[in-house]
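Here the sequence shown is numbered in the numbering used here, starting from 134 and rising by one per residue.
We put the CB at the ideal spot given by N, CA and C, even for glycine.
Quick notes on the structure that follows.
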Amino acid sequence: MPHDTPLISTIVGGLVLAFIFGAFAHRLRMPPLVGYLIAGVLVGPHTPGYVADQNLAPELAEIGVILLMFGVGLHFSLKDLLSVRGIAVPGAIVQIAFATLLGWGLGAFMGWSTGGSLVFGLALSVASTVVLLKALQERRLVETERGRIAVGWLIVEDLAMVLALVLIPAAASIGGEGHAPVEPLSAGLSRLFGLDLGVSGMIAMTLVKVALFVALMLVFGRKLIPWTMHRIAHTGSRELFRLGVLAIALGVAFGAAKLFGVSLALGAFFAGMVLAESELSHRAAQESLPLRDAFAVLFFVSVGMLFDPNILIDKPLPILATIFIIVIGKSVAAFLIVLAFKKPLGTALTISASLGQIGEFSFILAALGVELGLLPEEGRDLILAGAIISIILNPLLFFLCDRMRLLLDGAKREDVVADLAPAADAIAAQEEMPPEDDEVHPTALSGHAILVGYGRVGSIVGQNLKSSATPFLVIEDSDKRIGELKAQGIETLSGNAVMRETLDLANLSGARSIAIAIPNAFEACRIIEQARSVNPSILIVARAHSDAEVDELKQYGADTVIMGEREIALGMVDRLAQVHHESVPYEDGHGPDTIMPTDDPPPERE
Numbered sequence: 134m135p136h137d138t139p140l141i142s143t144i145v146g147g148l149v150l151a152f153i154f155g156a157f158a159h160r161l162r163m164p165p166l167v168g169y170l171i172a173g174v175l176v177g178p179h180t181p182g183y184v185a186d187q188n189l190a191p192e193l194a195e196i197g198v199i200l201l202m203f204g205v206g207l208h209f210s211l212k213d214l215l216s217v218r219g220i221a222v223p224g225a226i227v228q229i230a231f232a233t234l235l236g237w238g239l240g241a242f243m244g245w246s247t248g249g250s251l252v253f254g255l256a257l258s259v260a261s262t263v264v265l266l267k268a269l270q271e272r273r274l275v276e277t278e279r280g281r282i283a284v285g286w287l288i289v290e291d292l293a294m295v296l297a298l299v300l301i302p303a304a305a306s307i308g309g310e311g312h313a314p315v316e317p318l319s320a321g322l323s324r325l326f327g328l329d330l331g332v333s334g335m336i337a338m339t340l341v342k343v344a345l346f347v348a349l350m351l352v353f354g355r356k357l358i359p360w361t362m363h364r365i366a367h368t369g370s371r372e373l374f375r376l377g378v379l380a381i382a383l384g385v386a387f388g389a390a391k392l393f394g395v396s397l398a399l400g401a402f403f404a405g406m407v408l409a410e411s412e413l414s415h416r417a418a419q420e421s422l423p424l425r426d427a428f429a430v431l432f433f434v435s436v437g438m439l440f441d442p443n444i445l446i447d448k449p450l451p452i453l454a455t456i457f458i459i460v461i462g463k464s465v466a467a468f469l470i471v472l473a474f475k476k477p478l479g480t481a482l483t484i485s486a487s488l489g490q491i492g493e494f495s496f497i498l499a500a501l502g503v504e505l506g507l508l509p510e511e512g513r514d515l516i517l518a519g520a521i522i523s524i525i526l527n528p529l530l531f532f533l534c535d536r537m538r539l540l541l542d543g544a545k546r547e548d549v550v551a552d553l554a555p556a557a558d559a560i561a562a563q564e565e566m567p568p569e570d571d572e573v574h575p576t577a578l579s580g581h582a583i584l585v586g587y588g589r590v591g592s593i594v595g596q597n598l599k600s601s602a603t604p605f606l607v608i609e610d611s612d613k614r615i616g617e618l619k620a621q622g623i624e625t626l627s628g629n630a631v632m633r634e635t636l637d638l639a640n641l642s643g644a645r646s647i648a649i650a651i652p653n654a655f656e657a658c659r660i661i662e663q664a665r666s667v668n669p670s671i672l673i674v675a676r677a678h679s680d681a682e683v684d685e686l687k688q689y690g691a692d693t694v695i696m697g698e699r700e701i702a703l704g705m706v707d708r709l710a711q712v713h714h715e716s717v718p719y720e721d722g723h724g725p726d727t728i729m730p731t732d733d734p735p736p737e738r739e
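Spelled out as structure tokens, the structure:
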């Protein structure tokens, strides 16, 4: 059996180089995806050395897009989508029109045809779903209002691009600017009934096919998919459950593309959204996460393979104009649109930063334009250069928007205080001001406890801290749990405790203890490391699922590590001993630092 196959070499070369350069990028405090893009450039045809298969890499990357959109659907219910339709639909349409107009103007200035200029403008108008979701997930914004608006905005853009992919070939054939294939369903109706549907007919057929797919998913899919996953879960096979999740995500996406002409990404999104109504959605998201991350990396590598670095020298001014449209033009338009809908400043800045890049649909439109003879190859190269550079600049754009929001909020508060002389009036005025969406303020607590995570374990710890009148706050990233905590009057910080900024807002240096109740040992180690460096005397309590995790957490500085499985076993032994041996003492065998101190009263049993 030959070992040097294109598939294996492409996966190995892409992932190994992505890991190396992603680690370098992280070391330089840059997003790892910058390293992934550089890895793609190095394995591409425009640089010396090894060249990966240019046909396999995009197909592997498409799997990553499918799994990523499936994961988004698992966390984005139909209710959430409908809740933002009032701003996402008109906002996306206006922003697409504005960006397309700017791109058309640049194409016309460079002497391209009208069709080619419009394709160029459309390619610059749609943001990358992968990049946007990565940025929102890193900042724990997916489940917030601005995250839902951003994702809903992208869904509308994707729907618009699906329609564009159908209309562009028809417009090219009618306008005589290029050569275009005929849409199969329209051609079949034309042969059977002798009808020439034209552009309006093709639009109608596209809308009908999309409507049929959506209706099929909402009527039958929302019953069949959860039922299937429940039946698989009852088998008790984790391997079969993971396989079922992947089969549903990939199968629905592929079927939607082949049968209804819907994009693979949208098909996977609806599959996840339907499964989200099941209580198994969280488990399905966890099972698909490893493959989702791996194939998302291959997506960025495949984008880097298309980039020719020579264009930076040959076409500097057109590249600058393209980047200006993507990063400045689109962002400013989105910012003004969101403000026009009277949304908070933080929401407007987040949306504008999220849309200041382009990605996968842009590449598809560019390839289609070149294939139809509408867009010159120079236009495709500009789109690729603009995509890569805008993706690299996107984290900087998020940083600038965050700083701008803080500065504007600070100036606003200073004006309020200056206008109101009495201190009591100033405080009352600030309390009456509507709070910024998802705005986070530093705590005023000192000598308190910090609780990281409020799931099944964290909620028990939190309720006992509350009942014992211990001052504490919770760091949580779930929008639903944050709302519940605030309703109970528990002080909560929205964010990821791995981020140093979040720990600073929790006054880590002035805290007496921190309880890390999240199940992710990797993130827990990073939190422990930062907590110990900021406050060497703080008590750190963590949880683990294995002896190896216990050793690792203690190595990073945890004082007490509780392994859930051992505590369950000891509880069962305790109860059995009460019946069979009249509460004969039992031994743990792992030392006192692994369980709660025995001289303290035990936690309340529910």
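Closest residue to residue i among the options (Cα-Cα distance)
| i | options | result |
| --- | --- | --- |
| Gly240 | Leu498, Phe402, Thr277, Glu511 | Glu511 |
| Ala260 | Ala473, Ile484, Gly354 | Ile484 |
| Leu439 | Ala190, Pro359, His415 | Ala190 |
| Gly285 | Gly244, Gly224, Val343 | Gly224 |
| Lys391 | Lys356, Val352, Lys342 | Lys342 |
| Ile491 | Gly155, Arg536, Glu290 | Glu290 |
| Tyr689 | Cys658, Glu420, Asn640 | Cys658 |
| Gly219 | Gly204, Ala473, Glu682 | Ala473 |
| Ala366 | Val347, Leu413, Lys356 | Leu413 |
Unbroken alpha helix (DSSP H) run spanning residue i, endpoints
| i | result |
| --- | --- |
| Ile741 | Because the chain here runs from 134 to 739, residue 741 falls outside it and cannot be looked at. |
| Ala366 | 355-366 |
| Asp441 | It is not in any alpha helix (DSSP H) - Asp441 carries neither H nor E in the DSSP assignment. |
| Lys475 | Counting along the chain, Lys475 falls outside any alpha helix (DSSP H), and DSSP gives it neither H nor E. |
| Pro165 | 165-175 |
| Gly254 | 247-258 |
| Ala268 | 262-271 |
| Leu507 | Here Leu507 belongs to no alpha helix (DSSP H), and DSSP marks it neither H nor E. |
| Pro181 | Premise fails: Pro181 is in no alpha helix (DSSP H) and is neither H nor E. |
| Ala232 | 218-242 |
| Leu636 | 633-638 |
Contacts around residue i, its chain only, beta-carbon distance under 7 Å, and the 5 residues preceding and following it disregarded
| i | result |
| --- | --- |
| Leu251 | Thr233, Trp237 |
| Val590 | Ala650, Arg676 |
| Asp732 | Because the pLDDT at Asp732 is just 37, under 50, the model does not fix this residue reliably, and the value given afterwards should be weighed accordingly. Here the set comprises nothing. |
| Glu420 | Phe374, Arg375, Val378 |
Cβ shell of residue i (< 8 Å), same chain only, five flanking positions each side left out
| i | result |
| --- | --- |
| Val227 | Ala466, Ile470 |
| Ile671 | Leu641, Ala644, Arg645, Ser646, Ile647, Ala664, Arg665 |
| Ile141 | none |
Host beta strand (DSSP E) of residue i (start-end)
| i | result |
| --- | --- |
| Thr693 | 693-696 |
| Leu584 | 582-585 |
Helix, strand or coil at residue i according to DSSP, with G and I counted as helix
| i | result |
| --- | --- |
| Ala644 | coil |
| Arg676 | strand |
| Ala681 | helix |
| Phe655 | helix |
| Thr603 | coil |
| Ile623 | coil |
| Val149 | helix |
| Glu412 | coil |
| Ile381 | helix |
| Ile491 | coil |
| Ile671 | coil |
Residue i beta carbon near the ligand ATP (any heavy atom closer than 7 Å)
| i | result |
| --- | --- |
| Thr361 | As far as ligands go, the structure on display features none, and thus does not contain the ligand ATP. |
Cβ distance (whole Å) where residue i is taken to contact residue j below 8 Å
| i | j | result |
| --- | --- | --- |
| Pro359 | Leu408 | 6 Å |
| Ser646 | Ala602 | With 8 Å as the limit, Ser646 and Ala602 do not qualify as a contact, their Cβ atoms being about 15 Å apart. |
| Ile229 | Ala398 | Actually they do not touch by this definition, with Cβ atoms about 17 Å apart. |
| Gly747 | Val436 | Absent from the model: residue 747. The displayed extent of the chain is 134 to 739, so no value can be given. |
| Arg633 | Gly479 | So it is not a contact: roughly 20 Å between Cβ atoms. |
| Leu606 | Ala639 | 6 Å |
| Ser523 | Ile459 | 5 Å |
| Ala194 | Phe432 | 4 Å |
| Leu498 | Met202 | Actually they are not in contact, since the Cβ atoms of Leu498 and Met202 sit about 18 Å apart, beyond 8 Å. |
| Met362 | Ala418 | Actually they do not touch by this definition, with Cβ atoms about 12 Å apart. |
Neighbourhood of residue i by C-beta, 6 Å cutoff - its chain only, sequence neighbours within 5 removed
| i | result |
| --- | --- |
| Pro555 | Caution applies to Pro555, whose pLDDT of 43 falls short of 50 and renders its modelled position unreliable; the value that the coordinates give is listed next. Contacts found: none. |
| Gly206 | Phe402, Gly405, Met406 |
| Pro652 | none |
| Thr455 | Leu515, Gly519 |
| His179 | Asp441 |
| Ser258 | Ile229, Ala232, Thr233 |
| Val167 | Ala158, Ile525 |
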